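Residues in the sequence shown are numbered consecutively from 0, following numbering that gives the first Met the number 0.
By construction, the Cβ of each residue, glycine as well, lies at the ideal position given by its N, Cα and C atoms.
These figures come from a predicted structure and were not determined experimentally.
Report on the structure given below.
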Amino acid sequence: MDQNSDDFQDFLHHLSDNALQSLRHADGIARATGSAYVGTEHLLFGILAQESSLGAKILKQNGVTLEKARLAMNLNANKVNLMTNLGAKGLSEAAKLTLKMSWEVAQEYAQELCGTEHIVYSILSQKNASATILLRNMNVRVEDMLSELEQLLNKQSYDSTDEVGTTRRKKGKKTLLDQFSTDLTAQAKSGKLDPVIGREMQIRRLVTILNRRTKNNPVLIGEPGVGKTAIVEGVAQRIVADDVPDALIDKRIVILDLAAMIAGTKYRGEFEDRLKKVMKELENDSRTIVFIDEIHQLVGAGSAEGSMDAGNILKPALARGKIQMIGATTTAEYTKHIEKDAAL
C-alpha cells in the first residue's frame with residue numbers, strides 16, 4: 000500500500016477517528032526520532048497516545064503503556080508527544096503490510112471503519128515486526144494478547160470500532176441492533192408466535208398508546224409470568240395482519256436482549272458504547288419499536304465498572320422523541336427504579 004496511491008488515500012477514509020489520529024501521531028514520532036520510515040513501532044506509539052481508543056485499552060490491559068514503551072526505546076518524552084500532519088514520512092514495508100492487514104481484518108468482522116484494535120491485531124500477527132519485538136522485550140506475552148484480542152473480535156465483531164457511532168451497516172451484514180434483538184413481527188409473519196388469548200383489552204390499549212404522537216413509550220407492569228411479553232407479541236401479530244392504525248402498519252417490533260449486551264463486556268464503558276450505538280441505530284430507523292423486558296435492569300447497568308448509568312443514555316433519546324420503546328417490569332422494580340426518576 001503506497002502512501003501516495005489512490006488506494007492509500009481511500010484507506011484513510013475508512014479509518015476511525017482514533018485510528019487516523021494514531022497514524023498522524025506515528026508520523027510525528029518518526030519525524031522527531033529521525034527515522035527514515037514510519038514503522039510498526041511508531042504505529043504502536045501512535046495507538047498508545049490515543050488513550051480512549053480500544054487498541055490502547057487492550058494494550059494497557061496487558062501492561063503496555065506509553066511511558067513503558069517510551070522507556071523501552073529510550074525516547075525523549077517531548078519527542079513522543081510530538082504530532083504532525085500525516086504525510087511527512089513514508090511507511091516501512093512492515094507498516095504497509097500492517098495497515099493492509101488491519102483493513103482486511105476490519106472487513107472480515109463486517110466493519111466499514113478500521114479501528115485501532117484492528118491495527119493492534121495486525122501488528123501482533125507479525126512475529127518479526129519491530130513493534131512485536133519491542134513488546135517481547137517488555138516481557139509482554141504476545142501470543143496471549145493476540146489470543147485475547149482474537150477472542151474479543153470473534154465475540155464482539157459488531158462492537159469492534161472505537162468511537163461511538165462508527166459501526167455502520169454493511170450491505171448484507173447485521174447491525175448491532177440485529178445482533179442483540181429478535182424481530183417479533185418477522186416471527187409473527189412466519190407463524191412462529193402462538194395466538195394470544197384473553198389479552199384483547201391490553202393489546203388494544205398498547206396499540207392506542209403506540210399510535211400517539213407524543214408520550215408513546217408504554218411500560219407493561221406485572222409479576223413474572225403473567226404474560227407481558229405475550230401482549231407485545233399480540234401487537235406484532237396485529238401489525239402483520241394490518242389490524243392497526245395507519246401510523247403503525249409499517250412498524251416492526253424487536254426484543255432487545257439486555258443480558259446478551261452485558262455479557263462479555265470486559266473493558267470500562269463497553270456496555271455503554273454498545274447501548275449508545277443501538278440507540279443511534281434506532282434513531283435512524285423510525286420503523287422500529289424496541290421492546291425491553293425487565294427494563295429496570297438498565298438503571299445501574301454497567302455501573303459496576305464505574306461507568307455511566309445506562310439509564311441516562313436512554314433519557315435524551317426518549318425526551319427528543321427520536322425512538323419508540325415498550326418496557327416491561329414488575330410493580331416492585333418499577334417503584335424502586337423507574338417511578339422515582341421523573342426523567343424516565
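Can you tell me whether residue i is helix, strand or coil according to DSSP?
i    : result
R140 : coil
A258 : helix
K170 : With a pLDDT of only 39 at K170, under 50, the local geometry of the prediction cannot be trusted, and no value is derived from it.
A35  : coil
R319 : coil
L112 : coil
V234 : helix
S91  : coil
M0   : Residue confidence is low: M0 scores 48 on pLDDT, short of 50, so the model does not pin down where it sits. Its coordinate-derived value is still stated next. Reduced to three states, the DSSP call for M0 is coil.
L192 : coil
T160 : Because the pLDDT at T160 is just 43, under 50, the model does not fix this residue reliably, and the point stays unresolved.
K126 : coil
D242 : coil
Q20  : helix
S51  : coil
T213 : coil
A29  : helix
R348 : No statement about residue 348 is possible, as the shown extent of the chain runs from 0 to 343 and does not include it.
V104 : helix
Between the Cα of residue i and the Cα atoms of the options, which residue gives the shortest distance?
i    : options                   : result
L42  : L22, I238 and E282        : L22
L229 : V243, V119, G45 and A187  : The sequence as given places Ala at residue 229; Leu does not occur at that position. Closest option to A229, Cα to Cα, is A187.
V37  : H24, E293 and D242        : H24
T97  : A109, E111 and T115       : T115
E232 : P223, R198 and I261       : R198
Q106 : S121, A93, N17 and E92    : S121
Q49  : K275, K95, H13 and N17    : N17
D193 : Q236, N210 and L134       : Q236
I346 : E280, I337 and R273       : The displayed coordinates of the chain run from 0 to 343. Any statement about residue 346 would go beyond what the structure contains.
S189 : R204, T334, Q150 and V239 : V239
G45  : Q60, L65 and N311         : L65
K227 : D242, I196 and L145       : I196
K67  : K95, A93, V139 and F10    : V139
A109 : L151, N61, T174 and E142  : T174
L281 : D292, L47, G310 and A316  : A316
C113 : L90, L152 and K126        : L152
D177 : D284, I220 and L209       : D284
L255 : L274, T334 and P244       : L274
E222 : S51, Y333 and G89         : Y333
A246 : N215, V141 and A31        : N215
N61  : L145, L11 and I28         : L145
P244 : R203, L148, Q150 and E142 : R203
Buried or exposed, going by whether 16 or more other CB atoms sit within 10 Å of the CB of residue i?
i    : result
N346 : With the chain covering 0 to 343 only, the question about residue 346 has no answer from this structure.
V63  : buried
L19  : buried
L70  : exposed
R212 : exposed
T330 : exposed
T328 : buried
K339 : exposed
A303 : Caution applies to A303, whose pLDDT of 44 falls short of 50 and renders its modelled position unreliable; the value that the coordinates give is listed next. Burial call: exposed.
A130 : buried
I118 : buried
T345 : No answer is possible for residue 345: the residues shown for the chain start at 0 and end at 343.
D272 : buried
A55  : buried
A128 : buried
G224 : exposed
D161 : For D161, the pLDDT reaches just 46, beneath the cut-off of 50, and the residue's location in the model is therefore unreliable, although a value from the coordinates is still provided. Buried is the call here.
M278 : buried
P217 : buried
E269 : buried
T39  : buried
S15  : buried
A258 : exposed
Would a check of beta-carbon distances place residue i closer than 8 Å to chain D?
i    : result
D340 : In summary, chain D is missing from the structure at hand, where a single protein chain is found.
Checking the sheet assignment: what are the DSSP bridge partners for residue i?
i    : result
R204 : According to DSSP, R204 bridges with nothing at all.
A327 : L219 and D292
D182 : V253
T287 : R251
L14  : C113
Answer yes or no: the CB of residue i versus the heavy atoms of the ligand GDP, is any distance below 7 Å?
i   : result
T32 : Within the structure as shown, the ligand GDP is missing, as the structure has no ligands at all.
*Three or more C-beta pairs closer than 8 Å, one from the stretch 245-253 and one from the stretch 172-182: is that the case here?*
yes
*Touch check for the stretch 312-328 and the stretch 283-298: three-plus C-beta pairs under 8 Å?*
yes
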